[in-house]
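Numbering (this note's numbering), first residue to last: 7 to 102.
Take a look at the structure:
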């Protein structure tokens with residue numbers, strides 16, 4: 007795991023705690039990595055991100071390509087933290 011990718015993940019987590027539309031998009035992206043079946047992500051949402059944030063998303067995708075740990079574990083968080091993120095942003099989980 008590259009330090010650059012982990013730093014990008016940490017930055018995205020901080021952004022996801024914000025209040026702007028970009029923050030909601032980042033939250034949706036992270037939730038998709040957490041559980042893509044429950045929280046699908048429309049990749050056209052990337053178009054609404056600033057370039058630097060989009061590049062961080064790409065770094066995190068590389069990190070998650072062959073994961074050694076789950077996304078929440080890489081952040082030293084619990085699954086409850088990601089579930090709360092979904093609740094805070096009112097991103098509904100899909101029932102499969």
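Glycine included, each C-beta is placed from N, C-alpha and C at the ideal position.
For residue 85, the uninterrupted alpha helix (DSSP H) segment begins and ends at 85-94. Ranked by Cα distance from residue 92, the options 32, 14, 59 are led by 32. The beta carbons of residue 23 and residue 65 sit no closer together than 8 Å. Between the region 47-63 and the region 77-92, the count of Cβ pairs shorter than 8 Å is below three; the stretches do not touch. Counting of Cβ neighbours within 10 angstroms places residue 15 among the buried residues, the total reaching 16 or more.
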